[in-house]
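There are 2 protein chains.
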Amino acid sequence: MPRSKSARPRVYSINELSTLCDVTPRTLRHYEDMGLLNPERQGAKRLYHERDRVRLQLILRGRRLGFGLKDIQDMLDLYDADPTEVTQLKDVIRRGDAKLLELQTQVEALQAIITEIKELRSVMKNRLDHITKGGE
Amino acid sequence: MPRSKSARPRVYSINELSTLCDVTPRTLRHYEDMGLLNPERQGAKRLYHERDRVRLQLILRGRRLGFGLKDIQDMLDLYDADPTEVTQLKDVIRRGDAKLLELQTQVEALQAIITEIKELRSVMKNRLDHITKGGE
DNA sequence: CAGCAAATTTACGTGAACGTAAACACAGTT
DNA sequence: AACTGTGTTTACGTTCACGTAAATTTGCTG
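Going down the list, the sequences are from chains A and L. So for the first sequence, this note's numbering puts the first residue at 1; every next one is plus one. So for the second sequence, this note's numbering puts the first residue at 1001; every next one is plus one.
Next comes the structure, spelled out in structure tokens:
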């Protein structure tokens, strides 16, 4: 029973990865310019590994949540830090905690909106029922 | 014991409201240009009522969550729809439900990030403890 | 080696969400 | 009447996150 692992490529050209993740090549280059991605190079050409793909997914998720690229950068930096220094470790934890507070605030705000829309929905539904049943 | 209600102004000039809500007058005019606000006019001057202030808060909350103004427009429209028309009522409910799905997806994505950062935090904390207690 | 697809860099363009400056209007002092 | 404060419109400027076009370069393939 051969072929020990992976049906998937392991490496991607810029076009492959952009197709796979539904972004344009331009976007991938832009993220690289901004320092969010750092693909290997073979000559001049970019070679993306699984690691890069995962990072990209993280970036895209952040983007869907309305974060700017700098902000996403901050979060990715948390993962990248390879801190052997105690002060750096503490710093990563501190920055992580700060992000957590922001994020939890965001969740609360979102849930407030959700609650409001649900309430609105119920108001509208009552009106609707009133009109179509009792009304003229 | 008089003064039946409200210690607060009830109406605001553009500068008052912008100060109160921590935005610039330009922003208020911009939101008006985009159709998000519709303050009364006294001559040429804008007069904001409580209703406008509440709308502004909704807008700002949406903005903090990374929504575009058009998207915020959509959500505000839910509140504004004429509630005597059955078709409009149904439409509001339908669009509200669609928004709810989006929002709940967003909450889940946010919570995924929160979980990841928490896990990362625990990894970092372990390293830190290991170094400061057992390590060299 | 000619030709072609896939990639590259360079650089200007774009839409969103305002910032910022200029020029004008009006209302109430002084 | 002139000054000051608060507001107005008009319009160009800016940042972000890419889009888009142009001009190469690279790596095969016939």
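Glycine residues also receive a C-beta, built at the ideal position from the N, C-alpha and C atoms. As the structure is a prediction and not an experimental result, all values here were calculated from the model.
Based on Cα-Cα distance, which residue from the options lies nearest to residue i?
{"i": "N38/A", "options": "D74/A, R94/A, L56/A, G62/A", "result": "L56/A"}
{"i": "R1029/L", "options": "T1019/L, C1021/L, T1115/L, I1014/L", "result": "I1014/L"}
{"i": "L140/A", "options": "Q42/A, E32/A, R26/A, Y48/A", "result": "The question about residue 140/A has no answer, for chain A in this structure spans 1 to 136."}
{"i": "E1116/L", "options": "V23/A, L78/A, E32/A, K125/A", "result": "L78/A"}
{"i": "L1076/L", "options": "R1095/L, K1090/L, G1066/L, T1084/L", "result": "R1095/L"}
{"i": "T1084/L", "options": "M124/A, T27/A, D22/A, V23/A", "result": "M124/A"}
{"i": "K70/A", "options": "K90/A, S122/A, T24/A, D33/A", "result": "D33/A"}
{"i": "R1127/L", "options": "K118/A, G43/A, K90/A", "result": "K90/A"}
For residue i, count the other beta carbons within 10 Å of its own beta carbon; 16 or more makes it buried, fewer makes it exposed. Which is it?
{"i": "Q1106/L", "result": "buried"}
{"i": "L101/A", "result": "exposed"}
{"i": "G1035/L", "result": "exposed"}
{"i": "R51/A", "result": "exposed"}
{"i": "E1040/L", "result": "exposed"}
{"i": "G1062/L", "result": "buried"}
{"i": "V86/A", "result": "exposed"}
{"i": "V92/A", "result": "buried"}
{"i": "R1010/L", "result": "exposed"}
{"i": "R1064/L", "result": "exposed"}
{"i": "R46/A", "result": "buried"}
{"i": "R53/A", "result": "buried"}
{"i": "K5/A", "result": "Only weak support exists for where K5/A lies, its pLDDT of 49 falling under 50; the value from the coordinates is given anyway. Burial call: exposed."}
{"i": "R3/A", "result": "Low confidence applies here, because R3/A scores a pLDDT of 47, under 50, leaving its location unreliable; read the following figure in that light. Counting Cβ neighbours within 10 Å, R3/A comes out exposed, since fewer than 16 surround it."}
Mind reading off the beta-carbon distance from residue i to residue j? Whole number of angstroms is fine, and I expect it under 8 Å.
{"i": "A1081/L", "j": "Q1088/L", "result": "5 Å"}
{"i": "Y31/A", "j": "L20/A", "result": "The Cβ separation is near 15 Å, so there is no contact."}
{"i": "Q1104/L", "j": "I59/A", "result": "The pair is not a contact, with the Cβ atoms about 22 Å apart (cut-off 8 Å)."}
{"i": "F67/A", "j": "G1068/L", "result": "Actually they do not touch by this definition, with Cβ atoms about 14 Å apart."}
Between residue i and the ligand COA, is the CB less than 6 Å from at least one heavy atom?
{"i": "M124/A", "result": "Among the components modelled here there is no ligand, and therefore nothing to report on the ligand COA."}
* Three or more C-beta pairs closer than 8 Å, one from the segment 1096 to 1113 of chain L and one from the segment 1122 to 1135 of chain L: is that the case here? -> no
Item to complete: Could you run through the segment 1044 to 1077 of chain L and flag, in chain order, every residue whose CB is less than 8 Å away from some CB of chain A?
Response: R1061, G1062, R1064, L1065, G1066, F1067, M1075
Exercise for the section: Give the residues from the segment 1010 to 1039 of chain L that approach chain A closer than 7 Å (Cβ to any Cβ), ordered along the chain. Expected result: none
* Asked: Using a beta-carbon distance cut-off of less than 8 Å, what residues from the segment 97 to 109 of chain A approach chain L?
  -> D97, K99, L100, L103, Q104, Q106, V107, A109
>> Please identify, using Cβ separations under 8 Å, the residues of the segment 1108 to 1134 of chain L that lie next to chain A, in order along the chain.
In response: A1109, L1110, Q1111, A1112, I1113, I1114, I1117, K1118, L1120, R1121, M1124, K1125, R1127, L1128, I1131, T1132
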